[in-house]
Amino acid sequence: MPLQDIYHGIHLRRLFPKNEMSEIYLAVATRALAFSMINLFIPLYLYMELGFTLKQIAVFYIIYSIAFGAVTPFAAKLAARVGLKHAILMSCPLYIMFYFLLYSLKAISIPFLIIPIFLGVASGLFWISFHIEFAKVSVAGKRGVETGKWIGYSSLAVLFGPLIGGILIDTTGFTVVFVIASILLVASATFLFFTKERHVPAVISFRHVFSKRNMKNSLAFIGYGVHTMAGGVLWPLFIFFILHTYTSLGFLGSLAGASTAFVTFIVGKMSDKYNKRHVLKVGSSLYSISWFIRHFVETVGQVFGVTMFASMVFTMVQVPSHALVYEEFQENLAEKFVFREMALCVGRILVLLVFLFTGNFLFSFMLSGIGAFAFWLF
């Protein structure tokens with residue numbers, strides 16, 4: 368039974384989301400706040416607190432990406448059986464277990480390779496379910512605006528998360544942040560149950576997944592995976608050697624969230640008003656430039672300048688590309704999103720392998736710049 372029905376007639380019902388799209392906005396914003404408090408700092412936690420080498424960190428995220436890609440088809444089948452919202456809720460204890468095991472590494476001997484598997488399985492379960500849910504709920508002709516809103520509201524949440532997380536880590540350590548992030552994560556999933564559950568069949572044929580029609584978009588998705596992994600793992604490590612403190616990194620994350628939030632709402636409207644592919648090509652070109660110059664960053668001012676620029680132009684990649692996917696994947700949703708998520712994981716693994724074998728940020732950043740250009744093929 369939806370939570371809204373349970374509280375029928377109570378005046379607090381006015382505070383509940385009035386439709387499924389509002390419900391999604393509230394859920395993803397809360398989730399973004401939870402993750403922004405902790406995820407930005409995980410590579411640094413592995414490096415600074417646990418003493419992992421940079422190459423060990425690369426292996427950690429390679430295992431995560433393999434688990435993510437491998438579990439995606441099974442996650443789609445599970446979501447079809449239990450419902451999309453229940454599948455999203457089921458990802459929460461897996462995320463929390465990941466955080467718990469990560470934190471416990473200081474005191475307990477845990478096989479290194481097991482921990483990122485929890486993160487990969489949780490991510491696979493969440494993202495395949497979320498994308499199918501959003502594709503079903505979103506409205507044709509408004510998907511640019513709606514995509515801009517979910518990304519924009521998430522960015523607004525990120526205004527506070529990194530700074531709060533950085534200050535708490537600097538002053539109290541990671542324990543408090545792990546606990547707060549876990550509570551917010553569970554809350555974000557429960558917000559989805561104010562409306563009824565949705566079951567979407569998952570008929571997946573790998574003959575179709577690897578067909579020429581689908582493979583033509585594979586380079587774009589692989590390129591997207593390349594630069595999202597580089598931006599989420601390698602860039603924070605690179606700039607921490609310049610910024611030196613978690614608070615400074617958190618402040619940068621909050622500023623980036625502020626700049627992104629404002630631009631995202633504008634780009635969402637542009638994506639519906641103008642040709643989405645034109646917006647995407649302009650955005651991918653500008654975003655590519657941001658990667659080609661990152662290795663030459665040496666000062667705090669340059670870190671802030673490049674990060675702010677990259678955050679703003681990335682919205683011109685993220686919003687139209689997602690809106691196009693939601694529009695063009697309406698037929699046989701599960702199969703097409705399985706293909707997309709698996710291609711993204713190939714990109715994540717690729718950039719990490721480059722870093723693993725070269726030990727050099729430059730080659731990974733250059734590959735990310737090339738990967739951003741791949742959306743010209745979409």
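Sequential numbering from 368 applies to the sequence shown in my numbering.
Glycine included, each C-beta is placed from N, C-alpha and C at the ideal position.
### Query
For Ala698, which of helix, strand or coil comes out of DSSP?
For this step, residue 698 is matched to residue 331 along the sequence shown. The question names Ala, but residue 698 is Glu in the sequence shown. Looking at Glu698 - three-state DSSP - the assignment turns out to be coil, as it is neither helix nor strand.
### Query
Which of the three DSSP states, helix, strand or coil, is assigned to Leu526?
Taking the sequence shown and counting its residues from 1, one reaches residue 526 at position 159. In this structure, Leu526 counts as coil in the three-state DSSP scheme.
### Message
Counting C-beta neighbours from all protein chains within 10 Å, is the total for Lys583 16 or more, i.e. buried, or is it exposed?
### Response
Within the sequence shown, the letter at position 216 stands for residue 583. Classification for Lys583: exposed.
### Query
So, using beta-carbon positions, are Gly515 and Gly635 closer together than 8 Å?
Reading the sequence shown from its first residue, position 148 is the one you call residue 515. Reading the sequence shown from its first residue, position 268 is the one you call residue 635. Contact flag set, yes.
### Task
Note the first and the last residue of the continuous alpha helix (DSSP H) segment covering Ile547.
By one-based count along the sequence shown, residue 547 stands at place 180. Here the alpha helix (DSSP H) through Ile547 covers 541-557.
### Spatially closest choice to Val504 from Glu390, Val705, Ser678, by CA coordinates
Numbered from its first residue, the sequence shown carries residue 504 at position 137. The residue with the shortest Cα to Cα distance from Val504 is Glu390.
### Task
Compute the beta-carbon to beta-carbon distance between Pro603 and Pro483, rounded to the nearest angstrom, for a pair I have assumed lies under 8 Å.
In the sequence shown, the residue the question calls residue 603 occupies position 236. In the sequence shown, the residue the question calls residue 483 occupies position 116. That belief does not hold up - the Cβ atoms of Pro603 and Pro483 are roughly 17 Å apart, past 8 Å.
### Query
Quick one, are the C-beta atoms of Leu647 and Val692 less than 8 Å apart?
As a first step, residue 647 is located in the sequence shown; it is residue number 280 there, counting from the start. As a first step, residue 692 is located in the sequence shown; it is residue number 325 there, counting from the start. Not closer than 8 Å, so no.
### Cα-Cα separation between Cys712 and Ile433, rounded to whole angstroms
Sequence index remark: in the sequence shown, residue 712 carries index 345 (1-based). Sequence index remark: in the sequence shown, residue 433 carries index 66 (1-based). So the alpha carbons of these two residues sit roughly 7 Å apart.
### Message
Starting from Leu647, trace the alpha helix (DSSP H) in both directions and tell me its first and last residue.
### Response
On the sequence shown, position 280 is the one that residue 647 refers to. Segment 643-659, the alpha helix (DSSP H) holding Leu647.
### Message
Helix, strand or coil, according to DSSP, for Pro483 in the structure here?
### Response
Locating residue 483 in the sequence shown gives position 116, counting from the first residue. It is helical.
### Query
By Cβ distance below 6 Å, which residues in the same chain neighbour Gly738 in space, the five residues on each side in sequence not counted?
Position 371 of the sequence shown, counted from the first residue, corresponds to residue 738. Correct list, in chain order: Gly590, Val593, His594.
### Query
For Ser496, does the count of other Cβ atoms within 10 angstroms reach 16, so buried, or fall short, so exposed?
For the purposes of this step, residue 496 is taken as the residue at position 129 of the sequence shown. That one is buried.
### Query
Any idea if Asn406 is buried or exposed, counting beta-carbon neighbours within 10 angstroms, 16 or more meaning buried?
To locate residue 406, count along the sequence shown from 1; it is residue 39. It counts as buried.
### Option in Ala701, Phe629, Val686 with minimal Cα separation from Met675
For the purposes of this step, residue 675 is identified with residue 308 of the sequence shown, where counting begins at 1. Answer by Cα proximity: Phe629.
### Query
Helix, strand or coil: how does DSSP classify Arg380 here?
In the sequence shown, counting from the first residue as 1, residue 380 sits at position 13. Its pLDDT being 41, under 50, Arg380 is placed unreliably by the model, and nothing is read from it.
### Task
Taking Gly511 and Lys643 to be in contact with their CB atoms under 8 Å, please state how far apart those CB atoms are, rounded to whole angstroms.
Position 144 of the sequence shown, counted from the first residue, corresponds to residue 511. Position 276 of the sequence shown, counted from the first residue, corresponds to residue 643. Indeed they touch by this definition, with Cβ atoms about 7 Å apart.
### Task
Go through its chain and collect everything with a Cβ distance to Val567's Cβ below 7 Å, but skip five positions before and after it.
Mapped onto the sequence shown, residue 567 falls at position 200. The answer, listed in chain order, is Ala447, Leu451, Ile499, Lys503, Leu700, Ala701.
### Contact check, Tyr654 vs Ala677, beta carbons under 8 Å
What you label residue 654 is simply residue 287 of the sequence shown in a count that begins at 1. What you label residue 677 is simply residue 310 of the sequence shown in a count that begins at 1. Yes, they are a contact pair.
### Task
For Thr631, I'd like the list of residues in its chain whose CB is within less than 7 Å of its CB, leaving aside the five on either flank, ordered along the chain.
For the purposes of this step, residue 631 is identified with residue 264 of the sequence shown, where counting begins at 1. Closer than 7 Å at the Cβ level, and outside the excluded window around Thr631, lie Gly515, Ile518, Gly519, Ser522, Thr682, Val686.
### Message
If I measure Cβ to Cβ from Leu530 and keep anything under 8 Å in the same chain, skipping five residues before and after, which residues do I get?
### Response
By one-based count along the sequence shown, residue 530 stands at place 163. Taken in chain order, the residues that qualify are Thr614, Gly617, Phe618, Gly620, Ser621.
### Query
For Ser505, does the three-state DSSP call read helix, strand or coil?
On the sequence shown, residue 505 is found 138 positions in, with the first residue counted as 1. Three-state DSSP puts Ser505 in coil, outside helix and strand.
### Message
Can you find the residues in the same chain that come closer than 7 Å, C-beta to C-beta, to Lys444, ignoring five residues on each side of it along the sequence?
### Response
Translated into the one-based positions of the sequence shown, residue 444 becomes position 77. The residues are Ala569.
#### Entry: Proximity winner among Phe485, Thr538, Asp639, Leu417, relative to Tyr466 (alpha-carbon distances)
Here the question's residue 466 lines up with position 99 in the sequence shown. When each option's Cα is compared against that of Tyr466, the closest is Phe485.
### Query
Where do the ends of the alpha helix (DSSP H) carrying Ala454 lie?
As a position in the sequence shown, residue 454 is number 87, starting the count at 1. From DSSP, the alpha helix (DSSP H) with Ala454 extends over 451-471.
### Task
Report the residue from Phe732, Val680, Ser688, Leu417 whose alpha carbon sits nearest the alpha carbon of Leu472.
For this step, residue 472 is matched to residue 105 along the sequence shown. Selected option, being the one with the closest Cα: Leu417.
#### Entry: Exposure of Ala442, with buried meaning 16 or more beta-carbon neighbours within 10 Å
Residue 442 sits at position 75 when you count from the first residue of the sequence shown. Ala442 is buried by the Cβ-count criterion.
### Query
Alpha carbon to alpha carbon, how far is Pro384 from Ser555?
Locating residue 384 in the sequence shown gives position 17, where the first residue counts as 1. Locating residue 555 in the sequence shown gives position 188, where the first residue counts as 1. The pLDDT assigned to Pro384 is 48, lower than 50, so where the model puts this residue is not dependable; a value taken from the coordinates is nonetheless given after this. When rounded, the distance between both Cα atoms is 13 Å.
### Thr666 versus Ile660 - alpha carbon distance
Within the sequence shown, the letter at position 299 stands for residue 666. Within the sequence shown, the letter at position 293 stands for residue 660. Computed Cα separation, rounded: 13 Å.
### Message
Tell me which residue opens and which closes the alpha helix (DSSP H) that Trp743 is part of.
### Response
For the purposes of this step, residue 743 is identified with residue 376 of the sequence shown, where counting begins at 1. No residue range can be given for Trp743, since it is assigned to no alpha helix (DSSP H) and is classified by DSSP as neither H nor E.
### Query
So which of Gln669, Thr612, Ile430, Arg715 has the shortest CA-CA distance to Gly598?
Here the question's residue 598 lines up with position 231 in the sequence shown. Considering only alpha carbons, the answer is Arg715.
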